[in-house]
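Colleague: To convert, take the position in the sequence shown, counting from 1, and add 2; that gives my numbering.
For every residue, glycine included, the Cβ atom is placed at its ideal position computed from N, Cα and C.
None of the values given here were measured: they were computed from a predicted structure.
Could you have a look at this structure, given as structure tokens, before my questions?
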Amino acid sequence: MPASSNKATPINLEQALSHTKHLDGRTPTNSDHNDGNSAYDTLSDFGNGGMFIANYTGFSEWERHANGDEMVQVIEGETSLVLLIDNEEVPNKIKAGELLIVPQGIWHRFESPKGVKVLTITPQPTDHQIERPID
């Protein structure tokens, strides 16, 4: 992976994803972020956060980003990106080649039962919550 101090280095997404291990059965309480052979990887620093990839089947916890919008692009597979808007869960199905911008401060989660490889540009810090937030 390119060093974060050398942002002018091209990033090959296919090659980067080949270094991830597919996580089958992700749940809000079962994630391998701390595993040495991970389904997740950091590609580069970006703005006030970073560029990340993930390779999994399953469902994520709720998250939100107080310091900016998040860009989510599906590289392979599909996901339903559920946004919590006015206390209503609004699903947004996105598939390979499509992207969605999650507005700043909006709670959201991923439903990916068939599997997804995804690229995100994510501001930090990120708030995480297992239970459905009260909007």
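1. Starting from the Cα of S46, find the closest Cα among P30, T81, I13 and give me that residue.
2. Can you give me the C-alpha to C-alpha distance between F54 and I136, rounded to a whole angstrom?
3. Quick check on Q131: does DSSP put it in helix, strand or coil?
4. Residues in the same chain with beta-carbon distance under 6 Å from V104, minus the five sequence neighbours each way, listed in chain order, please.
5. Taking the continuous beta strand (DSSP E) assigned at A10, which residues delimit it?
6. Can you give the beta carbon distance from A41 to T22, rounded, assuming they're within the 8 Å contact cut?
7. Do P127 and G49 have their CB atoms nearer than 8 Å?
8. Could you check what DSSP says for A68 in three-state terms: helix, strand or coil?
9. Run the CB neighbour count on V120, radius 10 Å, all protein chains shown included, and call it buried at 16 or more, exposed below.
10. Which residue wins for smallest C-alpha separation from L15, given the options K116, I108, G99?
11. Just to confirm the assignment, what range does the beta strand (DSSP E) spanning A56 have?
12. For the beta strand (DSSP E) containing S20, list its first residue and its last residue.
Modeller: Result, derived from the coordinates:
1. Taking each of P30, T81, I13 in turn and checking the Cα distance to S46, the smallest one comes out for I13.
2. Taking the straight line from one Cα to the other gives about 27 Å.
3. strand
4. E72, H110
5. Unbroken run through A10: none, as it is neither H nor E.
6. 5 Å
7. no
8. coil
9. Answer is buried; the Cβ neighbour count reaches 16.
10. G99
11. Here the beta strand (DSSP E) through A56 covers 51-61.
12. Per DSSP, S20 belongs to no beta strand (DSSP E); it is in the alpha helix (DSSP H), 15-20.
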